[in-house]
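Line by line, the protein sequences are chains U and F.
When you line the first sequence up against our numbering, it's residues 1 to 717, in that order.
When you line the second sequence up against our numbering, it's residues 1001 to 1717, in that order.
A virtual CB, placed ideally from N, CA and C, is assigned to each residue, including glycine.
Only a predicted model underlies this, so the values are computations on that prediction, with no experimental measurement involved.
2 protein chains.
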Amino acid sequence: MNQKLDKGIIMTQNPLHKIMSPSSISIVGASNNPMKMGTMQFLNIVHGGFKGKVMPIHPKEKIIFGIEAFANIKDLPVAPDLAMLVVPTHLIPSMMEEFGQIGTKHALIISAGFKEVGKEGEELEKQVISIARKYGIRFVGPNCMGLINTHLPLNTTVGPVQDLCGNVSIISQSGTYVAQVLSYIHNRGIRFSKAISVGNEADIDIVDCLEYLGEDTETKAIGIYIECIRRPEKFLEIARNVVKNKPVVAQYVGGNKAGAKSGLSHTGALAGPDYIYDGLFEQAGVIRVKTIEEIYSATHTLGSLPRLKGKRIAILTNSGGPATAMASVLDENGLEMPELSIDLQEKIKSLIPGHASSKNPVDLTFHMDMSLMTDTLPTMLLESDEIDGLLIHGIMDTGWAELAFPVFSAAIGLKKEDLIKLFTTNLNAILELPWKTNKPIIISSFFDKEDHAKCSFYEKGIPAFNAPEKAAKAMSMLYKYYLIQNKEISKIELSSIPERAIAIMNKEAINGIDEYTAKSILRTYNISTCKEILVKNPQNAVLASKTIGYPVVVKACSKEIKHKTEAKLVHINLKTDEEVFEACVKIQKIAKNSPLLICEMIKGEREFMAGIARVQGFPPCVMFGIGGIFAEVFCDRAIRIAPLSLSDAYSLIHSIKSHEILGNYRGMGAVDIYEMAKLLVALGNIAVHFPDIKEIDLNPIIIQNRKPIVVDSLFIK
Amino acid sequence: MNQKLDKGIIMTQNPLHKIMSPSSISIVGASNNPMKMGTMQFLNIVHGGFKGKVMPIHPKEKIIFGIEAFANIKDLPVAPDLAMLVVPTHLIPSMMEEFGQIGTKHALIISAGFKEVGKEGEELEKQVISIARKYGIRFVGPNCMGLINTHLPLNTTVGPVQDLCGNVSIISQSGTYVAQVLSYIHNRGIRFSKAISVGNEADIDIVDCLEYLGEDTETKAIGIYIECIRRPEKFLEIARNVVKNKPVVAQYVGGNKAGAKSGLSHTGALAGPDYIYDGLFEQAGVIRVKTIEEIYSATHTLGSLPRLKGKRIAILTNSGGPATAMASVLDENGLEMPELSIDLQEKIKSLIPGHASSKNPVDLTFHMDMSLMTDTLPTMLLESDEIDGLLIHGIMDTGWAELAFPVFSAAIGLKKEDLIKLFTTNLNAILELPWKTNKPIIISSFFDKEDHAKCSFYEKGIPAFNAPEKAAKAMSMLYKYYLIQNKEISKIELSSIPERAIAIMNKEAINGIDEYTAKSILRTYNISTCKEILVKNPQNAVLASKTIGYPVVVKACSKEIKHKTEAKLVHINLKTDEEVFEACVKIQKIAKNSPLLICEMIKGEREFMAGIARVQGFPPCVMFGIGGIFAEVFCDRAIRIAPLSLSDAYSLIHSIKSHEILGNYRGMGAVDIYEMAKLLVALGNIAVHFPDIKEIDLNPIIIQNRKPIVVDSLFIK
């Protein structure tokens, strides 16, 4: 099935190509009782337009709602492309076995009661997996809500699909976000291409789905609801590839205590900390959103409209409040609202009331002639080369008429139909405009589908929202994707392991790693550290200090001591032999016989931290942030998954909120970012080369003469 | 009209009591053309149920839609309680004059074209104000959309009101948020008590409206859309009073770049307008929201439901995803989801499927029996003493049936009515439950008003949202108000001016304030500074250093030099006579003849900053934040309006993100918060006492022995 598609997408052997487009389905769990879940799903398949063969299995009933049923799996005339199981949990293994025996290669397990309920369910799930492996069956679920493919069509969920096929595809760890939202999205003009409820992901997971949807030519934007990514490394690889051609939007909710707890009992998901997902999404080029509403509004916008090709937005409105609110959201998201040229303003002024504004926002104020907003002005704005996208607030027609009808009818006895007709706006021009000008338009008005104008936008696929902030937010999603597509991406840098590092790890570091050894390893990766000499006694410390040059720092150096500063085992800025000698004596009084580390005193005001963290279920992460003793409180840090490319490292550096410090701050000179990026890339390499090292904490890294120098280093094995 | 109401609310002479409840209205600008704004407003008044007298003025028409019209204002049989003007701008002054002459005392000016369009309009507006003053007329507008009082009823806007009277009142600087949202709020079960579009606020402003609504017994929650508060000091006073009894929610959107730039110099930029509003709202006990949607959802929730009396929330759901999303929002907002007691869990378990969770969230998973969610379980949960509020996701009935109808009908030939009937849930129990148990319930499901269950919640005033995150966010609004009502508030501390401070200001500080003088003033307010001596030459510097005790800091001290560190005019940690002498020589080489300030070297690792900023249109603000040379980048600071109470000061200190540093951080000992609070209160006093001092910047304030000591101080006159 390997074939080349548009834009060089290679279609893989991904099992979802068959699962999402089977030509025959056998369902176990449907009956003639319409209030049962399996029956509802069966009815949705049969009456939802599926053109392939549907073969229900039922021990007693011969016909299920007009379709021939089979008593046993082995009675089936052919092996179905897809087996669908909606039966009590304990029956699943034997049925999988039977489907395997007749040669079925794809399954969908709806039933719950597996690893999400604890030990026993976990065992059962393992059993199912092993049966599937034996027969080469690939399956979605268990504990899921099924699949939707509007282009086939096929809908295996309990909720009927009302719409024509669309271009938004959803992957969800919650079945609800596939099956309960069908009315919600219909009411907002959003149409599925595909939707997949992945459940416990015992076999097929989010990553498989992402790969499949990346290859699916009918999918234009992908949304993912995530409680946990089980294969983050593969996710990163696949997502990086997919976002080159289509936008991916994700909501992750497992990042705090409450969310993680709730997710565990839901799909047995082990959630990771929020910052890891931030880093992962950033690195992958996935747009992170905070709510399910945003998943749908963002994918709808990204999937329907021409892409934004710059950051210049115009606002057209009949009301100042919504325009100000939209402007505020645009500003927060890095978009600009340029003042229109004098020429363009003159043209606009000739059309609008005297007290109205032509600058941008173009604000008509209260105005009864809708054609200005639906044709003349949008065309003028979008056809100019001054703006890249347009937000409009206030196009409304029959919604308003409906509302006003009782009053109008009482006053002038107009019939409702006539009033509605009177108010129905001609939208022909604006409905074509985004595609004619190849620029996005997003609409806001306070009406819902009771308004003809709103419905027309819904039908045409022009995103239309019921609040100005949402429209502006949707525009910012287009901008985020513009930035992602224009991001420079370099190759991942994975060096070979330095011989010397291996030697140190096998010798000095064999039983734990002290600060001196840690820095020795760093130096084999060309990471700059302060100059330092390890000595045993105060006499040699004085000699070492002379070699290094005053002032110096003296520390205890031992694998056992973790918090040296708090234990008074660090003396800084020592300027004379006497000071060094005295400091060494004091240290060795507290930490008996501890070796002494004599270090160059690095002076600089800017302190950063970098490190490696390993989180269960994740590849090693490289962390970067503000350093010093207050690092924990400021907590201004970010992560990327190792190994890093140089562009990952640059992006990591710029991800911290106070990255301004790295510039020519207060005349300190700009930090050598290339050096810092190389340091982070090297850290990523160490993490990959030495899985034994559980954690690395370089804090502080002090900037001296614009270069980063590691001053303290903690390795934990 | 001064009378005592419930809860000790004193009713004032606020003109809105009459404006919102007139017994007669004269409107100028209505005609027999129904497409004119004035006519629409007239029709809304007449057909919206207003029971008082309506007297249109029209030069030619004798009858306007069945109502007798008058040719001139002076022809009116009585002076109307309220004059309403919807006429070309230039006619307003003469008409105000005429209404004044016949004795009308209240007006509503809808017409636009005043100060919002520039100089000429500004002049006209001034003229209107002066006429109003002459006749004692109080008025709303100009450039507004009118008023709504559903309890009278009276609706002067262009949009008809569809609903019964409610308890949410809105004050808006955008007419749209009063007139265009009527269908929007109707569709969501939100009902106005009052709504006021304030327009240009030439006379009556937000603050008057807030006072009025505070006194209005029919208003239970107040929402404000703000682009600018014209009387912040009064706003603070009134809001503080109002929030004791009813919640106030505000959206402020004026904090954009352009707005922030104007009127702010140098460190004024540190306190951008957005910060000021954050501080003002925090101090006033006003809940800040980000969108118009939140204004409505928050006021609806706060106005309708019993108040939250703690932070323990239960989630009841038939779907894990929404539960996880809700849990995540609760957590972010400081709410808790306690695991239910074993006893309660046992009771729940006996009712729900085996694989379902009883912990919290209580997750039924897919379940067809709605009565568990609409009666048994909510009652059990709310009647327990284990939780304070309940979130429910997944109650839905006919919306689902409508959606499923085509499939059901194809399969079993059921009629639509029968299916709808079959699915209609009995909600009697849950609809009473919040008031029976005196605890809030908030609902989430993906259906809108097409669902009978959703509509029932709307009608009853139980907030019901179309996304789980919104429901959880609404619950957090109840919690925010709980915290506001339980906040300790102490009296504002405004001392008398120290004699010594007056003396310094009149003598040393007469032509500008150098660092030494600045700190002298601080000390008169009992603010601790480093010990310091001002000298003229290096010789005296050495003597001074001996007096203070080594190590010392030497700085140039001059009104002219603002950035001493960058100019190399500060030498720290000097330990010997020679070092001091040499430093002084170097300083006086750069800053010729500058006096020298010899200061005690304060040692401490925690650095804060405090200051005073004056922003146009605002009372002075006291600022507090993280100090040191990176203060600008971390930008972790907050403000309060001066003068401060001690509780304001405590709240200010705790407002910064990294307030953890003030605790016993890394064994540094907890900062003496009382001392820090006193310092901030004193700063507020200085700001009030000396309006001449434009700006104060104390940075750093170093913590030594747990006490704050001001080390550097900049006063700008």
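Where does residue 1056 of chain F fall in DSSP's three states? strand
Would you mind giving the Cβ-Cβ distance between residue 1127 of chain F and residue 1093 of chain F, rounded to the nearest angstrom? I have them listed as a contact below 8 Å. Rounded, the Cβ-Cβ distance is 5 Å, consistent with contact.
Could you tell me which residues DSSP puts in a beta bridge with residue 1088 of chain F? Its beta-bridge partners do not exist; DSSP assigns none.
Closest by C-alpha distance to residue 1419 of chain F, when choosing among F:1404, F:1335, F:1194: Here the closest residue by C-alpha is F:1404.
Run through the DSSP bridge pairs and tell me what residue 1362 of chain F is partnered with. F:1316
So residue 1661 of chain F contacts chain U; which residues on that side make the cut at Cβ distance below 7 Å? Under the 7 Å cutoff, chain U gives 630, 633.
With a Cβ-Cβ cutoff of 7 Å, do residue 572 of chain U and residue 585 of chain U count as a contact? no
Based on the DSSP secondary-structure assignment, which residues constitute the bridge partners of residue 625 of chain U? U:609, U:637
Please go through the same chain and pick out, in chain order, the residues whose beta-carbon is closer than 7 Å to the beta-carbon of residue 735 of chain U, but skip the five residues on each side of it. Lying before the first or after the last residue shown, residue 735 of chain U is absent from chain U, which here runs from 1 to 717.
Beta strand (DSSP E) containing residue 1556 of chain F: first to last residue? 1552-1556
What residues in the segment 408-420 of chain U bring their beta carbon closer than 8 Å to a beta carbon of chain F? 408, 410, 411, 412
Is it the case that the segment 1681-1690 of chain F contacts the segment 1519-1531 of chain F, given that we only count it when at least three CB pairs across the two stretches are under 8 Å? yes
By the DSSP assignment, the alpha helix (DSSP H) with residue 500 of chain U in it spans what residues? 499-506
Complete runs of the beta strand (DSSP E) confined to the segment 103-163 of chain U [at least 3 residues]: Complete beta strand (DSSP E) runs here, min 3: 106-109, 138-140, 146-149.
With a threshold of 16 other CB atoms inside 10 Å of the CB of residue 1496 of chain F, please say whether the residue is buried or exposed. Residue 1496 of chain F comes out exposed.
In this structure, how does DSSP classify residue 1455 of chain F when only helix, strand and coil are distinguished? Helix, per DSSP.
Nearest-angstrom Cα separation, counted from residue 489 of chain U out to residue 1120 of chain F: Roughly 56 Å between the two C-alpha positions.
Using beta carbons (cut-off 7 Å, strictly below), is residue 1271 of chain F in contact with chain U? Unreliable placement is indicated for residue 1271 of chain F, whose pLDDT of 31 sits below 50; the coordinate value is still reported in the next sentence. Taking a beta-carbon distance threshold of 7 Å, residue 1271 of chain F does not count as an interface residue toward chain U.
Could you give the distance in angstroms between the alpha-carbon of residue 1599 of chain F and the alpha-carbon of residue 1610 of chain F? 20 Å
Report yes if the CB atom of residue 207 of chain U is closer than 7 Å to the CB atom of residue 238 of chain U, and no otherwise. yes
Measure the Cβ-Cβ separation of residue 65 of chain U and residue 1401 of chain F and say whether it is below 7 Å. no
Buried or exposed, going by whether 16 or more other CB atoms sit within 10 Å of the CB of residue 1078 of chain F? Exposed: under 16 other Cβ atoms inside 10 Å.
If we ignore side chains and look at the alpha-carbon of each, how far apart do residue 696 of chain U and residue 117 of chain U end up? 36 Å
So which residues on chain F does residue 446 of chain U lean against when the C-beta distance must stay under 7 Å? 1180, 1181, 1183, 1184
Under DSSP, the alpha helix (DSSP H) around residue 581 of chain U begins and ends at which residues? 577-590
Let me know if residue 199 of chain U comes out buried or exposed under the rule of 16 or more other beta-carbons within 10 Å of its beta-carbon. Looking at its Cβ environment, which holds 16 or more other Cβ atoms inside 10 Å, residue 199 of chain U is buried.
Does the Cβ of residue 1318 of chain F have 16 or more other Cβ atoms within 10 Å, making it buried, or fewer, making it exposed? By the neighbour-count rule (16 or more Cβ atoms within 10 Å), residue 1318 of chain F is buried.
Sheet register partners of residue 1223 of chain F (DSSP bridge): F:1170, F:1249
Per DSSP, residue 1081 of chain F is paired with what? Residue 1081 of chain F is not bridged to any residue.
Rounded to a whole number of angstroms, what is the C-alpha to C-alpha distance between residue 244 of chain U and residue 676 of chain U? 28 Å
Quick one: which residues of the segment 1292-1303 of chain F get their C-beta closer than 8 Å to a C-beta of chain U? List them in chain order. 1292, 1293
Within 8 Å of chain U by C-beta, residues of the segment 1037-1049 of chain F in sequence order: Residues 1037, 1040, 1043, 1044, 1046, 1047, 1048.
Among the candidates F:1160, F:1250, F:1214, whose CA atom is the shortest distance from the CA of residue 1173 of chain F? F:1250
Just to confirm the assignment, what range does the beta strand (DSSP E) spanning residue 1288 of chain F have? 1287-1289
Alpha carbon to alpha carbon, what distance is there between residue 1026 of chain F and residue 1063 of chain F? 14 Å
Please classify residue 1218 of chain F: does DSSP put it in a helix, a strand, or coil? Looking at residue 1218 of chain F - three-state DSSP - the assignment turns out to be coil, as it is neither helix nor strand.
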